[in-house]
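Comments concern the structure below.
Residue numbers (the numbering used here): 6 to 147.
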């Protein structure tokens with residue numbers, strides 16, 4: 006039987022939204038600096054299913070592409086954006102993180118944006134086509 010999802014008031018995001026852009030940036034950079042890049046978040050995530058992770062490619066396309074930006078910052082921002090529209094909010098990434106990074110908070114910020122912009126929320130409908138497939142050029146999958 007179908008179960009109606011509870012209304013989400015996004016209350017957990019209020020603390021982040023109350024910050025100025027500079028405070029928000031400082032908050033996330035502080036959190037990302039604590040990362041030890043163990044990749045437990047990636048390994049446990051049901052939305053991470055690429056055969057070769059973009060952060061393990063050896064062509065330099067993503068890794069070391071920025072000057073003076075620590076790679077762990079690039080990893081977390083890239084991972085969050087890569088999962089936009091696919092995160093089912095299971096919070097396993099946060100549960101397995103040995104550094105207790107608030108990864109689900111970052112993911113939920115993107116979940117809310119995707120839902121507001123595209124009316125899509127991953128995991129809510131069994132037959133729902135993944136968002137990136139819907140947004141491909143002329144209906145083709147990305």
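Positions of the beta carbon are idealized from the N, C-alpha and C atoms, including for glycine. These figures come from a predicted structure and were not determined experimentally.
Quick one: what's got a C-beta closer than 7 Å to residue i's C-beta in the same chain, skipping five residues either side?
i: residue 97; result: 49, 50
i: residue 108; result: 46, 98, 99, 102
i: residue 56; result: none
i: residue 42; result: 77, 80
i: residue 13; result: none
Who are the near neighbours of residue i in its chain, counting only those whose CB is closer than 8 Å to its CB and skipping five residues on each side?
i: residue 15; result: 113, 117
i: residue 18; result: 110, 113, 114, 117
i: residue 93; result: 51, 52, 127, 128
Which of the three DSSP states is assigned to residue i in this structure?
i: residue 33; result: helix
i: residue 90; result: coil
i: residue 54; result: coil
i: residue 60; result: coil
i: residue 78; result: helix
i: residue 21; result: helix
i: residue 38; result: helix
For residue i, does the count of other Cβ atoms within 10 angstroms reach 16, so buried, or fall short, so exposed?
i: residue 36; result: buried
i: residue 30; result: exposed
i: residue 86; result: exposed
I'd like to check one pair, residue j with residue i: are the Cβ atoms closer than 9 Å?
i: residue 125; j: residue 83; result: no
i: residue 105; j: residue 75; result: no
Note down, in chain order, each residue of its chain lying with its Cβ closer than 6 Å to the Cβ of residue i, except the 5 sequence neighbours on either side.
i: residue 140; result: Here residue 140 scores only 48 on pLDDT, less than 50, and its place in the model should not be relied on; the value that follows carries that caveat. Closer than 6 Å at Cβ, skipping near neighbours: no residue.
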